[in-house]
Amino acid sequence: MRKCLQLCCVLYFFAPHALHRAIGAEPVAPLVDFNRDIRPIFSETCFKCHGPDANKRKGKFRLDTREGAFAEHEGRKPLVPGDLAHSEAWRRINTKDADDLMPPADSGMKLTAQQIKLFGDWIKQGARYKDHWSLIPPVTPPLPKVKKSSWPKNGIDPFILARLEQEKLPTSPQADKATLLRRVTLDLTGLPPTPDEVAAFLADKSPSAYEKAVDRLLQSPHYGERMALDWLDAARYADTHGYHIDSGRDMTRWRKWVIDSFNQNKRFDQFTIEQLAGDLLPQATTEQKIASGFNRNHMINFEGGAIPEEYHNAYLVDRVNTTATVWLGLTVACAQCHDHKYDPITQKDYYQLYAFFHNVPEKGLDGNLGNAAPVLHFPTADEAAAQARLKSEIAAAETKLKQVEAELPGAQSIWEKERSATTADESHLTLVRIPAEKRTAEQVDELKKYFRDKHYPALGAAKEALQSTRRDLEKLEKGIATAMVMSEMEKPRNTFLLVRGQYDKPGDPVTANVPASLPPLPAGSPTNRLGLAQWLVSPAHPLTSRVIVNRYWQMYFGIGLVKSAEDFGSQGEWPSHPELLDWLATEFQRTGWDIKQMQKLIVMSATYQQSSATTPELLAKDPENRLLAHGPRFRLAAEFIRDQALAISGLLNREIGGKSVSPYQPAGLWEELASREDGKNWSAQSYTQSHGPDLYRRTMYTFWKRTSPPPTLATFDAPDRESCTVRRARTDTPLQALVLLNDPTYIEASRKLGERLMTEAKSDADRIAMAFRLAIARDPKALEKKVLLKLYDRQLAAYHADPASALKLLAVGESPRNEHLEPAKLAAWTMVASTVLNLDETITKQ
Amino acid sequence: MNLEREYQSLLTRRQFFGRTTTGIGSLALASLLNGKLFAGAGDPASKTGGVLPELHFAPKAKRVIYLFMSGGPSHIDLFDYKPNLRAHHKQELPASIRMGQRITGMTSGQSSFPCVAPMFEFTQHGKSGTWISELLPHTAKIVDDIAIVKSLNTEAINHDPATTFIQTGHQQPGRPSLGAWLSYGIGTESQQLPAFIVMISQGSGNKTDQPIFSRLWGSGFLPSQHQGVRFRSGGDPVLYLSNPPGVDAKARRSMLDSVAQLNRMAEKSFGDPEINTRIAQYEMAYQMQTSAPELTDLSKEPKQVLDMYGIDDKGTDGGFARNCLLARRMVERGVRFVQLMHRGWDQHSSLPKQIRGQCKDIDQPAAALVKDLKARGLLDDTLVIWGGEFGRTVYSQGALTADNYGRDHHGRCFTMWMAGGGIKPGISYGETDDFCYNVVKDPVHIHDFNATILRTMGIDHTRLTFKFQGRHFRLTDVHGEVVKGLLV
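Those protein sequence lines, which keep their order, are chains A and B. Note that numbering that gives the first Met the number 0 gives residue 750 to position 751 of the first sequence, counting from 1, and the numbers run on in steps of one. Note that numbering that gives the first Met the number 0 gives residue 444 to position 445 of the second sequence, counting from 1, and the numbers run on in steps of one.
Given below as structure tokens:
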């Protein structure tokens with residue numbers, strides 16, 4: 000019986016009634032789980048007035064803790080375990096008395112019959128409270144027993160399969176090899192496999208062929224780029240400051256550090272510590288200091304007339320919110336103004352976190368000249384040499400100045416002796432004639448000033464020489480590349496709770512600490528950012544490992560095990576597979592936070608390797624594929640759509656890291672928004688398109704202006720990078736079709752692909768096959784080939800009839816056209832190639 | 000043979016979508032899409048086309064045209080007439096009025112705060128006898144059609160937070176704009192045009208203008224299809240709308256037919272309904288290639304209409320007049336929310352000269368828009384809004400001379416006007432003190448203003464929400480009271 004109930008509990012999430020029937024004739028209500036079934040109801044409908052926020056609590060009654068819910072209150076007990084009749088809360092939700100009814104009518108909320116039944120069952124079963132699931136540290140669960148024991152390939156699969164078997168859903172067959180290779184190559188590198196890679200994989204009949212391919216991809220330098228992209232969203236990376244004028248900044252060294260870290264497979268705990276506190280590590284390396292720039296990626300303001308304290312506060316708020324979203328998966332932002340309404344985060348907790356980030360020697364308004372202090376400088380060799388030379392020239396000029404100053408009294412007395420009456424005006428001559436010992440102090444000063452200004456040019460020259468050299472140095476140093484980093488002030492700032500979150504309303508003083516509802520800082524950890532980082536990756540921490548593996552899962556399957564990847568609190572979603580999440584989280588820690596190993600684990604699973612084809616029945620039952628009865632199929636991210644087109648066409652520049660670049664963009668987009676006459680005072684105000692190889696770099700290097708993000712990427716759901724994003728939307732609009740059909744990037748890629756087809760394949764049929772193999776790693780079916788051949792014939796006839804149009808089409812893009820190819824044919828192949836680049840399959844991972 | 004037959008069947012199925020924007024093709028497409036590709040989030044059962052299953056109230060307005068005056072127009076010199084101010088000209092602003100309120104870093108260092116009476120004449124107009132500055136002679140003629148709100152107020156005192164606040168309901172970035180909320184909430188009436196369109200014009204009065212930001216028409220945490228789509232003058236009205244050089248409509252159609260055929264085959268293999276959406280997405284893009292240029296082509300507008308708006312070839316108004324006429328054409332075609340951004344209203348110095356230019360840009364076209372909508376019977380269910388992110392100080396910024404002065408930002412009160420769509424015509428709402436400094440009657444915070452806009456659209460501002468990071472967010476945050484006194 001007990002076993003049955005437990006099983007039922009696991010099953011309950013999707014279709015309680017159906018499953019209950021499936022269990023048999025047992026009339027007992029299924030076991031209600033507080034965290035899965037009750038907390039979401041409480042959170043959504045009750046906690047606003049009867050939850051953690053003490054200031055907004057009504058009737059002094061709280062329902063979020065067992066103490067609050069069981070204590071006698073105004074002569075009645077809100078909840079009496081097992082006893083509906085004496086549970087006041089039960090009466091209140093069922094009463095016909097409008098004054099007593101909960102939730103009250105004016106709240107706009109209403110419990111459903113199903114929710115009321117769950118609530119009643121829960122009270123009857125003992126009203127057992129549990130701490131919120133995500134705040135309880137994960138424990139490695141045993142692998143579930145499954146019937147189809149031949150299916151699992153690793154630890155992930157029993158969890159998925161057990162659930163499917165309980166739902167009586169079959170798994171899907173393994174995807175065909177080529178599809179699988181394309182899927183995993185796109186997933187691990189953001190680029191499509193080459194036809195050679197596909198051919199080699201198809202030819203490798205060994206059982207380890209797929210694993211070898213995965214290992215090869217994990218070693219690719221493009222793996223780091225792919226992994227970095229999601230991290231850039233989370234870290235709100237951009238190339239401009241974001242507020243108001245939105246001028247340029249340079250955090251490209253930090254971006255490169257992220258890519259390199261993924262490629263070197265830096266452990267996730269170390270990756271965390273360096274980004275939150277690299278500057279505080281003992282003997283911190285330059286790279287570790289660069290890493291600390293994670294929390295300088297927020298927006299920065301220098302709007303004229305703005306109040307520095309207001310923006311300094313905004314930066315700190317951003318750091319707290321970003322850090323909490325990225326590592327804790329908690330929406331602490333709510334506690335900026337008041338205690339959190341749903342989760343156990345008090346306003347004091349919030350400002351204790353804030354205090355960790357409060358000691359950076361920075362200004363509230365800064366950034367008008369580029370990066371805002373504190374920064375690290377990265378002079379080139381020439382710059383370093385010039386800097387050294389100028390510094391030594393300054394030292395020499397200072398010595399010279401001192402010497403000239405020292406010689407002044409002697410020179411003055413000689414001059415006085417000469418009594419150069421001819422050049423001195425009357426009053427000063429009078430002074431000279433007064434014997435030195437009889438002059439007043441004022442007279443001495445006056446005469447000295449007169450001599451210095453009028454008769455001692457050496458001093459002015461020495462000063463000017465020094466100043467001019469100093470100016471040269473300043474100018475040189477302004478041009479030296481920098482990276483914004485974190486550092487600590489020697490004397491920390493005082494931190495106060497800010498009343499209602501207002502920057503100018505300090506309340507009680509607070510000191511840095513972690514939220515009381517989470518484990519304390521590890522013993523021996525310092526109470527600073529380093530301690531905070533160590534705490535996040537400490538074994539006792541319930542959230543970090545879950546939150547991170549969930550986002551990895553989201554990368555591959557489109558939706559995390561917890562769909563609300565940014566919210567693991569009580570308003571977040573209950574995990575689709577809670578035990579799998581805990582298994583992955585503990586596995587991640589057990590393997591030493593090995594990021595590559597975690598990616599490998601996921602892509603080696605049978606779950607991941609399934610075919611992505613679906614059926615109407617499955618769609619009806621599980622439209623989002625949360626049960627994973629088939630493999631993932633969804634549109635590629637904005638960046639990878641373009642990267643893929645560049646790769647297929649042969650245009651892609653595979654350089655890693657470096658400066659941001661400016662590919663084709665319609666004219667005037669920035670300028671229409673920028674300040675017109677003042678614009679020249681700042682960088683990133685007018686768009687200067689790149690040329691040559693920089694036009695074809697991977698899209699993650701596209702210059703990201705926050706107030707006018709790259710338009711094609713924004714159209715394909717790239718976030719604005721104004722604040723931390725850990726889950727991108729995925730929408731379909733006609734504007735996306737217009738981009739792929741008409742953006743010069745894609746027209747040029749189509750032409751270059753056309754050239755490849757014409758020069759590398761021998762027959763028209765082969766050309767179409769080659770286009771398919773390049774774009775979607777498979778051969779076209781006969782009918783597909785026929786459609787494209789017909790299209791080719793039609794376009795060819797049209798361009799033969801109108802050669803001028805062919806030349807116009809071929810002139811799109813700055814890369815040279817292959818002059819050996821007949822323009823009408825190339826134009827026709829360009830259109831065929833464009834067709835292939837626009838296919839749903841091409842822009843979809845499947 | 001089999002292959003040929005299969006191919007022919009593909010061609011036949013193509014007719015389902017058709018080749019034109021009329022007839023069975025577009026009807027079939029519309030039913031397939033249910034208006035979802037542009038507005039998107041709606042439940043198929045929704046009566047509104049958006050996420051709201053039905054409107055909360057009978058709507059007075061079905062669409063909005065928002066004439067946003069970026070930079071902060073001076074309410075003192077245009078609408079908020081205070082005859083007594085003349086007596087205080089050049090006198091220090093009394094401390095009892097300023098009450099120690101925070102002011103921007105641009106004037107906080109000034110040693111004196113001399114009041115400046117406007118150097119423009121005010122006269123009364125219309126049956127309502129509304130006082131209007133001589134700078135707005137055309138607006139003066141529509142005073143009986145508009146409601147002038149003089150008691151707007153905002154906490155923000157700088158451009159970035161203030162424009163972000165009024166457009167998104169929050170001073171810091173990250174929230175959806177008003178138009179995005181409407182797109183999300185009630186979708187669009189147009190199958191061929193976006194729900195939310197933005198057009199930008201450059202003010203001729205002040206080239207040292209304030210920057211604006213795409214977040215002002217962004218979707219924030221809402222799905223990105225709700226972000227405003229920029230329509231631009233010159234070149235493509237919508238980015239990437241035109242076929243590339245050397246690709247004519249026929250070539251495009253035959254290419255798109257091939258894309259659709261191949262996509263339908265993929266749909267058969269994968270069973271993924273996303274592929275049908277993709278097919279529809281391409282057909283709508285094709286239709287937009289016709290409908291958008293048709294929309295922006297003003298050549299068929301009669302001369303008297305062009306003249307009424309004051310559209311000339313010189314573009315001395317920075318494009319505002321043309322955008323006003325386009326806005327009318329957009330709402331005629333069912334676009335839900337049209338946002339015009341006219342820049343250059345930041346008169347810190349040389350106010351008299353700059354504001355003349357700014358007013359000349361906008362006065363005639365804005366008035367023409369109201370008249371034109373009224374004449375076409377569209378004003379009844381179209382809400383027109385005019386105004387900026389804040390007002391300006393009564394005291395002078397910088398030197399005050401006989402013919403020159405400047406004014407700093409002022410959020411404690413400012414003026415906007417509304418017309419049509421269930422707004423009481425011919426009224427003034429709210430009052431400020433003799434210094435145009437503080438609201439003394441019927442304050443309208445921008446949350447109240449936004450709540451009122453939603454109310455005219457039939458939406459309860461507390462019930463259009465989006466759950467993000469565990470919280471049910473709304474345009475008005477936890478604030479906002481509908482201003483009943485503005486509603487018919």
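No residue lacks a Cβ here, since even glycine has one placed at the ideal position from N, Cα and C.
| field | C-alpha distance - Ile422/B paired with Gly484/B, whole-angstrom precision | value | Spanning the two alpha carbons is a distance of roughly 9 Å.
| request: Can you give me the start and stop residues for the beta strand (DSSP E) that Val197/B sits inside? | output: For Val197/B, the uninterrupted beta strand (DSSP E) run begins and ends at 195–200, by DSSP.
| task | Examine chain B for any beta-carbon lying closer than 8 Å to the beta-carbon of Gln608/A, and answer yes or no. | result | Chain B places no beta carbon closer than 8 Å to that of Gln608/A, leaving this residue out of the contacts.
| task | Using a Cβ-Cβ cut-off of 8 Å, state whether Ala332/A counts as contacting chain B. | result | So yes, Ala332/A belongs to the interface.
| field | Neighbour list for Ala237/A in chain B, Cβ cutoff strictly below 7 Å | value | Within 7 Å Cβ-Cβ: nothing; Ala237/A doesn't reach chain B, min ~12 Å.
| query | Leaving out five residues before and five after Thr606/A in sequence, what residues of the same chain have Cβ atoms less than 6 Å from its Cβ? | reply | Ile155, Asp156, Ile159, Leu627.
| said: In the DSSP output, what is Tyr511/B paired with across the bridge? | reply: No answer is possible for residue 511/B: the residues shown for chain B start at 0 and end at 487.
| field | DSSP three-state assignment for His240/A, whether helix, strand or coil | value | The answer is coil: DSSP assigns His240/A none of H, G, I, E or B.
| task | Could you please give the first and the last residue of the uninterrupted beta strand (DSSP E) stretch that includes Pro505/A? | result | 505–509 is the extent of the beta strand (DSSP E) around Pro505/A.
| Residue interval of the beta strand (DSSP E) (run including Arg772/A) | The continuous stretches of beta strand (DSSP E) do not include Arg772/A, which lies in the alpha helix (DSSP H) extending over residues 763–775.
| said: Using the three-state DSSP reduction, which class does Ile159/A fall into: helix, strand or coil? | reply: The three-state reading of DSSP puts Ile159/A in helix, counting H, G and I together.
| Any Cβ of chain B within less than 8 Å of the Cβ of Ile848/A? | Outside the displayed range of chain A (0 to 845) lies residue 848/A, so it cannot be described from this structure.
| Between the CA atoms of Pro77/A and Val197/B - distance to the nearest angstrom | So the alpha carbons of these two residues sit roughly 53 Å apart.
| query | Looking only at DSSP bridge pairs, what is Trp385/B linked to? | reply | As a beta-bridge residue in DSSP terms, Trp385/B pairs with Leu66/B, Trp416/B.
| request: Determine the chain B residues that contact Arg675/A at a beta-carbon separation under 8 Å, and present them in chain order. | output: In chain order: Gln201, Lys206, Thr207, Asp208.
| First through last residue of the alpha helix (DSSP H) which encompasses Lys76/A | Looking at the DSSP string, Lys76/A is not in any alpha helix (DSSP H), and its letter there is neither H nor E.
| Grouping DSSP H, G and I as helix and E and B as strand, with all else coil, what is Pro137/B? | The amino acid at residue 137/B is misidentified as Pro; the sequence shows His. Note: His137/B maps to helix in three-state DSSP.
| said: For Val115/B and Phe230/B, I'd like the C-alpha separation in whole angstroms. | reply: Their backbone Cα atoms lie some 39 Å apart in a straight line.
| Is there a Cβ from chain A that is less than 8 Å from the Cβ of Ser30/B? | Because Ser30/B sits at a pLDDT of 45, beneath the cut-off of 50, its placement in the model cannot be relied upon, and the following sentence gives the value as read from the coordinates. With 8 Å as the cut-off, Ser30/B does not count as an interface residue toward chain A.
| Pair within 8 Å by beta-carbon distance, Ala770/A and Leu752/A | Cβ distance < 8 Å, so Ala770/A and Leu752/A count as in contact.
| query | Going along the chain, which residues of its own chain have a beta-carbon closer than 7 Å to the beta-carbon of Pro692/A, five neighbours each way excluded? | reply | Excluding residues within five positions, the ones whose Cβ falls inside 7 Å are Asn652.
| task | May I ask you to list the residues that DSSP assigns as paired with Gln338/B? | result | According to DSSP, Gln338/B bridges with Tyr65/B, Val197/B.
| query | Taking a cut of 7 Å between CB atoms, which residues from the stretch 533–564 of chain A lie near chain B? | reply | Shown here is that no member of the stretch 533–564 of chain A has a Cβ falling below 7 Å from a Cβ of chain B.
| field | Contained beta strand (DSSP E) runs [length at least 3] in the stretch 434–497 of chain A, N- to C-terminal order | value | For the stretch 434–497 of chain A, whole beta strand (DSSP E) runs of length 3 or above, ordered along the chain, are 480–483, 494–497.
| task | With Ala70/A as the anchor, note down where its beta strand (DSSP E) starts and where it stops. | result | For Ala70/A, no beta strand (DSSP E) run applies, since DSSP gives it neither H nor E.
| Taking Cβ-Cβ distances shorter than 8 Å, what residues in chain B pair up with Gly107/A? | Close to Gly107/A, with beta-carbon spacing below 8 Å, are these residues of chain B in chain order: Thr461, Arg462.
| said: Let's see if you can read the secondary structure: which residues bound the beta strand (DSSP E) around Phe121/B? | reply: Note, Phe121/B: beta strand (DSSP E), 121–124.
| query | Using a Cβ-Cβ distance under 8 Å, would Ala21/A count as near chain B? | reply | The predicted model places Ala21/A with a pLDDT of 38, which falls under 50 and marks its position as unreliable; any figure quoted below should be read in that light. The beta-carbon of Ala21/A is placed no less than 8 Å from the nearest beta-carbon of chain B.
| task | Answer with yes or no whether the minimum CB distance from Leu635/A to chain B is below 8 Å. | result | Under the Cβ distance rule, Leu635/A does not count among the residues neighbouring chain B, no pair being separated by less than 8 Å.
| query | How far does the alpha helix (DSSP H) with Asn449/B in it reach, from first residue to last? | reply | Taken as a continuous stretch (DSSP letters only), the alpha helix (DSSP H) holding Asn449/B covers 445–455.
| query | What are the boundary residues of the alpha helix (DSSP H) that includes Arg327/B? | reply | It spans 319–331 - the alpha helix (DSSP H) in which Arg327/B sits, taken as one unbroken run.
| Three or more beta-carbon pairs under 8 Å between the stretch 181–201 of chain A and the stretch 637–651 of chain A, yes or no? | Contact between the stretch 181–201 of chain A and the stretch 637–651 of chain A is present: three or more C-beta pairs spanning the two stretches fall below 8 Å.
| field | Supposed contact pair Gly387/B and Ser500/B - C-beta distance, whole angstroms, cut 8 Å | value | No information on residue 500/B is available, as it lies outside the stretch 0 to 487 that chain B covers here.
| field | chain D contacts made by the stretch 309–320 of chain B, where a contact means CB separation under 8 Å | value | The structure shown contains no chain D; its protein chains are A and B.
| message | Below 8 Å on C-beta distance, what does Gly568/A contact in chain B? | response | For Gly568/A, the chain B residues whose C-beta falls within less than 8 Å of its own C-beta are Gly469, listed in chain order.
| message | Suppose you measure from the CA of Met554/A to the CA of Ser223/B; what does that come to, to the nearest Å? | response | So the alpha carbons of these two residues sit roughly 19 Å apart.
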